[in-house]
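Peer 1: Taking this note's numbering, the leading residue of the sequence shown gets 126, the next gets one more, and so forth.
One structure, as structure tokens, below. Some questions next.
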Amino acid sequence: MFSLIGLGVVQYRFFILSLQLANARYSIQLNETLGLVGKYLYLETPLTTMVSSSFKGKIANDEPNKMYDNAAAIQLEQFLRKRFEKVGVKVDFAFALYNMQENVVLLKSSNYAKNSPPDFSEPLDGFLNYQCNCPISLYIQNKNLVQYFLAESKNIYLPALILIFLLLVGGIGAFVVYEKVQFQAKSKQDFFNFLTHELKTPVFTMSIASKMLENYNLNEKALEAVHIIKTENNKLKIQIERILEMVVADKSMPQLEKVNIDLYPFFLSLANDFSTQISQDPSIRFSQQIEKFSRSILADKHYLQNVFMNLLENAKKFKTGKVHIQLIVKRVNDEVFIDIIDDGWGIESKFQKLIFKPFFRIKQSANVQGYGLGLSYVKKMIKFHQGKLILHSTLGKGSKFTVILPLIKD
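This is the structure:
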């Protein structure tokens, strides 16, 4: 905002300077033209003869008998206008011929203000002075000088004014957008805080209650029910933690506890956990190809598990009928490529960048549980691990998410 004000001040000073230059140019042009006019009026010509005859015998008169409508005044005004326009000065003006000895108006245009000082003057000599037998000066008053200067300087000040206007509109727009983004960010933060606080309390209570129930002599069916409660409660706890992690990742880089991770056992454990999770669902077929190699990566194990479990769970959710999910891990030079492939719905090309934005959900997935936060979280976490995320997808044929992470150098 301060830079906008500063630029506005600079543009204003530039505008004032352009007016001053136009005024200086105008003064030079008019003085030069009046000098030429004086030389022309020095001679005896039909115009000077008509002018001199209009004030003969009225030398001592303070009021020159309504000379504003005299033919001589009209002729002299036309003559002066042509002279001014010839040098490019197209400005409304008034004139008067003054007897400088008696301070009397000899001849004037109809719009000359007698009580106002002239803007320019040119002492005359020659035929008119001889006829008057007095010193005569030609006085010029400007009538629309501001409009003339603006017209002369329009090539300079118009771009400046347009730029100031655009900067002002842009600045206001940016401020409105900034305030809107800040409000949305605060609202989202408040929502997450409220959500996690309201969910953590009952989760903690259920966890304690389920542990207490295990201490009682329950039959097999009751123990199975308690086990289900504990399992689902743990799942809910994980989801709450993910939401908190997404909030932290959205604001700044979270505190990552990076350690050396041996990739083969890491992904083998991940694949086993996912296999157990889908074991009761006959519509899902899961296969894995995990290359065994010695080099490891530097990463936060907790966050990395969440990233790949999120991608696998997405492949499981977004399907119609049966789906085949593949986990492929392979080394390529100094990087590890992790492919998660499915033959589910697939994603239209126009949505393939949008799905990584928080809360964005494709209409097709409206009946699938979720908040549109998972892929946003995945992308941020991979970035925090100096990795890359690549998506290849075709609608109706499935998707392939490729995560590329740098290996620790030998």
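Glycine included, C-beta positions come from ideal geometry on N, C-alpha and C.
Taking only beta-carbon atoms, is P407 less than 9 angstroms away from chain D?
Peer 2: Going by chain labels, chain D is absent from the structure shown, which holds only one protein chain.
Peer 1: Looking at the unbroken alpha helix (DSSP H) that takes in S201, where does it start and where does it end?
Peer 2: Numbered from 1 along the sequence shown, position 76 holds the residue referred to as residue 201. Here residue 201 turns out to be Leu, not Ser, going by the sequence shown. Looking at the DSSP string, the run of the alpha helix (DSSP H) that includes L201 is 196-211.
Peer 1: So, does the stretch 445-453 touch the stretch 509-520, judging by three or more C-beta pairs under 8 angstroms?
Peer 2: In short, these stretches do not touch, since the Cβ pair count stays below three.
Peer 1: Where does D425 land, buried or exposed, given buried means 16+ other C-beta within 10 angstroms?
Peer 2: The sequence position of residue 425 within the sequence shown is 300, counting from 1. It counts as buried.
Peer 1: Skipping 5 residues on each side, what residues in its chain have a beta carbon closer than 7 angstroms to that of D244?
Peer 2: As a position in the sequence shown, residue 244 is number 119, starting the count at 1. Excluding sequence neighbours, D244 sits near I265, Q266, N267.
Peer 1: How many angstroms separate the CA atom of F462 from the CA atom of W470?
Peer 2: What you label residue 462 is simply residue 337 of the sequence shown in a count that begins at 1. What you label residue 470 is simply residue 345 of the sequence shown in a count that begins at 1. The alpha-carbon atoms of F462 and W470 are separated by roughly 23 angstroms.
Peer 1: Whose C-beta lies closer than 8 angstroms to the C-beta of I507 among residues of the same chain, with five residues either side of it excluded?
Peer 2: For this step, residue 507 is matched to residue 382 along the sequence shown. Taken in chain order, the residues that qualify are V432, K513, L514, V528, L530.
Peer 1: The alpha helix (DSSP H) with D468 in it runs from where to where?
Peer 2: The count along the sequence shown starts at 1 and reaches residue 468 at position 343. For D468, there is no enclosing alpha helix (DSSP H), since its DSSP letter is neither H nor E.
Peer 1: Residues in its own chain within less than 7 angstroms of S179 by CB, not counting five upstream and five downstream?
Peer 2: Counted from its first residue, the sequence shown places residue 179 at position 54. Taken in chain order, the residues that qualify are M192, N195, A197, L232.
Peer 1: In the DSSP output, which residue or residues are listed as bridge partners for I515?
Peer 2: Translated into positions along the sequence shown, residue 515 becomes position 390. Per DSSP, the beta-bridge partners of I515 are T527.
Peer 1: Buried or exposed: which applies to A347, given that a residue is buried once 16 or more other Cβ atoms fall within 10 Å of its Cβ?
Peer 2: Counting from 1 along the sequence shown, the entry for residue 347 is found at position 222. A347 comes out exposed.
Peer 1: Considering only their Cβ atoms, is the gap separating R410 from K447 smaller than 9 angstroms?
Peer 2: Residue 447 sits at position 322 when you count from the first residue of the sequence shown. Residue 410 sits at position 285 when you count from the first residue of the sequence shown. In this structure, R410 lies closer than 9 angstroms to K447 by Cβ.
Peer 1: Pull up the DSSP beta-bridge partners for H352, would you.
Peer 2: Along the sequence shown, read from residue 1 onward, the residue named residue 352 stands at position 227. Answer is none; H352 lacks a bridge partner.
Peer 1: Between the stretch 169-179 and the stretch 246-257, do at least 3 Cβ pairs fall closer than 8 angstroms?
Peer 2: Yes, they touch.
Peer 1: Is it buried or exposed for N228, if we count other Cβ within 10 angstroms and need 16 for buried?
Peer 2: For this step, residue 228 is matched to residue 103 along the sequence shown. With fewer than 16 other Cβ atoms within 10 Å, it is exposed.
Peer 1: Alpha carbon to alpha carbon, how far is G296 from K207? Give it in angstroms, no decimals.
Peer 2: For the purposes of this step, residue 207 is taken as residue 82 along the sequence shown, with counting starting at 1. For the purposes of this step, residue 296 is taken as residue 171 along the sequence shown, with counting starting at 1. In a straight line, the C-alpha of K207 is about 48 angstroms away from that of G296.
Peer 1: Just verifying my parser: in three-state terms, what is the DSSP assignment at A238?
Peer 2: Position 113 of the sequence shown, counted from the start, is the residue given in the question as residue 238. Three-state DSSP puts A238 in coil, outside helix and strand.
Peer 1: R150: which of A221, V212, F290 sits nearest, CA to CA?
Peer 2: Your numbering for residue 150 matches position 25 in the sequence shown. R150 has its Cα closest to that of V212, out of A221, V212, F290.
Peer 1: Determine the direct distance from the alpha carbon of V306 to that of N397, and round the result to whole angstroms.
Peer 2: Taking the first residue of the sequence shown as position 1, residue 397 is located at position 272. Taking the first residue of the sequence shown as position 1, residue 306 is located at position 181. Rounded to whole angstroms, N397 to V306 spans 42 angstroms at the Cα level.
Peer 1: Out of curiosity, what's the CA-to-CA distance linking I480 and K505?
Peer 2: Within the sequence shown, the letter at position 355 stands for residue 480. Within the sequence shown, the letter at position 380 stands for residue 505. Each residue's alpha carbon lies about 13 angstroms from the other.
Peer 1: Evaluate K298 with the Cβ neighbour count: other Cβ atoms within 10 Å of its Cβ, from every protein chain shown; 16 or more gives buried, anything less gives exposed.
Peer 2: Within the sequence shown, numbered from 1, the residue matching residue 298 stands at position 173. The question names Lys, but residue 298 in the sequence shown is Gly. So G298 ends up on the exposed side.
Peer 1: Quick check: the Cα distance between L161 and L291, rounded to an integer number of angstroms?
Peer 2: Mapped onto the sequence shown, residue 161 falls at position 36. Mapped onto the sequence shown, residue 291 falls at position 166. Those two C-alpha atoms are separated by around 46 angstroms.
Peer 1: Can you give me the start and stop residues for the alpha helix (DSSP H) that I261 sits inside?
Peer 2: Locating residue 261 in the sequence shown gives position 136, where the first residue counts as 1. Careful: I261 lies outside any alpha helix (DSSP H), inside the beta strand (DSSP E) at 261-267.
Peer 1: What distance in whole Å lies between the Cβ atoms of N435 and V503, which are believed to be in contact at a cut-off of 8 angstroms?
Peer 2: Taking the first residue of the sequence shown as 1, we reach residue 503 at position 378. Taking the first residue of the sequence shown as 1, we reach residue 435 at position 310. 5 angstroms between Cβ atoms; contact.
Peer 1: If you drop the 5 nearest sequence neighbours on each side, which residues of the same chain put their C-beta closer than 7 angstroms to that of K325?
Peer 2: Counting from 1 along the sequence shown, the entry for residue 325 is found at position 200. Excluding sequence neighbours, K325 sits near I365.
Peer 1: Rounded to a whole number of angstroms, what is the C-alpha to C-alpha distance between E157 and I289?
Peer 2: Numbered from 1 along the sequence shown, position 32 holds the residue referred to as residue 157. Numbered from 1 along the sequence shown, position 164 holds the residue referred to as residue 289. Going from the Cα of E157 to the Cα of I289 covers about 37 angstroms.
Peer 1: Give a yes or no on whether the C-beta atoms belonging to I415 and L393 are separated by under 9 angstroms.
Peer 2: One-based indexing of the sequence shown puts residue 415 at position 290. One-based indexing of the sequence shown puts residue 393 at position 268. Yes, Cβ-Cβ distance for I415 and L393 is below 9 angstroms.
Peer 1: Excluding the five sequence neighbours on either side, which residues of its own chain have a C-beta within less than 6 angstroms of the C-beta of Q413, listed in chain order?
Peer 2: Position 288 of the sequence shown, counted from the start, is the residue given in the question as residue 413. Once the five neighbours on either side are set aside, the close Cβ partners of Q413 are A396, L452.
Peer 1: Using a Cβ-Cβ cutoff of less than 6 angstroms, which residues in the same chain neighbour S246 once the five nearest sequence positions on both sides are dropped?
Peer 2: By one-based count along the sequence shown, residue 246 stands at place 121. Around S246: S262, Y264.
Peer 1: Identify, in the order they occur along the chain, each residue of the same chain with its Cβ nearer than 7 angstroms to the Cβ of S241, setting aside the five sequence neighbours on each side.
Peer 2: The sequence position of residue 241 within the sequence shown is 116, counting from 1. Excluding sequence neighbours, S241 sits near Q266.
Peer 1: Check for me: the beta strand (DSSP E) holding V384 runs from which residue to which?
Peer 2: Counted from its first residue, the sequence shown places residue 384 at position 259. Residues 384-387.
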